[in-house]
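All remarks here apply to the structure that follows.
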Amino acid sequence: MSTLLAAAVIILIASTVHAVTGFGYALVATPLLALAVDPHTAVVSTTMSALAMTITIAVRQRQHAEWKVAMIAMAGIVLGLPIGLWVYGVTSERLLTALIGIGVLGCTLMVWRRVKVPGSVPVLVGVGLVSGALSTSTGTNGPPMVAAFQGMGYEPAKFRATLSAVFAGTSVFSLIGFAVAGQVNTQSLWIGLVGLPVVQLGWFAGNAIFSRIDPERFRKVVLAALLVSAAVTLASALNG
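Heads up: the sequence shown is residues 1 to 240, going by the UniProt record's numbering.
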């Protein structure tokens with residue numbers, strides 16, 4: 001019960017951050033869940049609970065989404081998923097914890113520096129491939145797609161809606177991959193199920209916070225916290 005309570009708190013924090021900033025759910029949830037349970041369970045649990053968050057945003061803001069762009073990105077993501085599943089399946093818990101920490105650190109720096117990449121079809125497919133591989137290996141698939149959409153100059157509503165559409169599709173295909181590979185255990189199912197209503201609370205909390213604070217200042221605080229989270233995760237792997 002204490003593990004589920006800790007997971008619920010982590011998911012609430014992660015979903016609130018995502019609602020305010022438009023990114024960061026997996027970056028917050030995965031490393032913290034890896035410390036609360038184990039890294040393999042953390043990746044699957046994050047993917048399951050993220051599905052509720054991304055579908056919520058994608059459905060509510062579907063009129064703003066660029067669906068053609070989302071489908072192109074999904075083509076690359078589907079190609080990358082098996083690569084990530086292979087990495088996930090062959091790595092030890094200690095190594096996977098280290099990979100999660102490195103992934104969070106690198107991805108956080110990408111978002112912090114507002115890295116942009118061109119939005120051409122080949123680039124979108126390539127970025128999707130990387131994102132798909134990250135999704136099923138470390139659960140931190142967001143920043144490559146964030147960089148691509150930043151490079152395309154999307155205004156906030158279109159950016160958020162299109163990104164959520166891509167993430168929703170990624171979560172669905174990732175979960176199918178985990179299930180086929182036999183990587184979904186009872187604990188990840190329970191955490192994922194607990195996360196379904198919690199992310200809705202995080203969504204409402206995040207929207208309430210968004211209207212009261214400067215989102216850019218909050219973004220910087222979150223990014224700093226992510227760097228600390230990555231450092232703690234790496235330290236845990238090194239001391240494991």
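All C-beta atoms, glycine included, are put in the ideal place defined by N, C-alpha and C.
None of these values were measured; they are calculated from a predicted model.
Straight-line gap, residue i to residue j (C-alpha atoms, nearest Å)
i, j, result
"K158", "V127", "19 Å"
"G106", "R60", "31 Å"
"G169", "A235", "33 Å"
"R160", "A65", "8 Å"
"S188", "S174", "14 Å"
"G206", "A231", "25 Å"
"A148", "D38", "31 Å"
"V28", "G84", "20 Å"
"V180", "G89", "12 Å"
"L226", "M48", "21 Å"
"L223", "N141", "16 Å"
"A34", "G76", "27 Å"
"V130", "G80", "6 Å"
"V115", "Q150", "8 Å"
"L78", "M145", "Position check: residue 78 holds Val in this sequence, whereas Leu was assumed. Approximately 14 Å between the Cα atoms of the pair."
"L12", "A133", "26 Å"
"T56", "I176", "20 Å"
For residue i, three-class secondary structure by DSSP
i, result
"T30", "helix"
"Y154", "coil"
"V228", "helix"
"S2", "helix"
"A147", "helix"
"Q187", "helix"
"R94", "helix"
"P118", "coil"
"N141", "coil"
"F178", "helix"
Reference residue i; option with closest CA among the options
i, options, result
"T21", "V111, L189, G177, V104", "V111"
"S137", "A6, S45, S211", "S45"
"W67", "V194, T162, L4, A224", "T162"
"R52", "L193, V130, D214, G103", "Inspection of the sequence shows that residue 52 is occupied by Ala rather than by Arg. It is L193."
"S15", "T30, S2, W190", "T30"
Spatial neighbours of residue i in its chain, beta-carbon cut-off 7 Å, leaving aside the 5 residues before and after
i, result
"V87", "S137"
"V166", "A70, A73, M74, M145"
"R62", "A161"
"W3", "Position check: residue 3 holds Thr in this sequence, whereas Trp was assumed. Result list for T3: A36, V37, in chain order."
Own chain, CB closer than 6 Å to residue i, minus 5 neighbours either side, in chain order
i, result
"P143", "C107, M110, V111"
Hey, is the region 192-212 in contact with the region 68-86, meaning 3+ C-beta pairs nearer than 8 Å? Per the Cβ contact rule, the region 192-212 is not in contact with the region 68-86 (fewer than 3 Cβ pairs under 8 Å).
Using 8 Å as the Cβ pair cut-off and three pairs as the minimum, do the region 88-104 and the region 116-123 touch? No, the region 88-104 does not touch the region 116-123.
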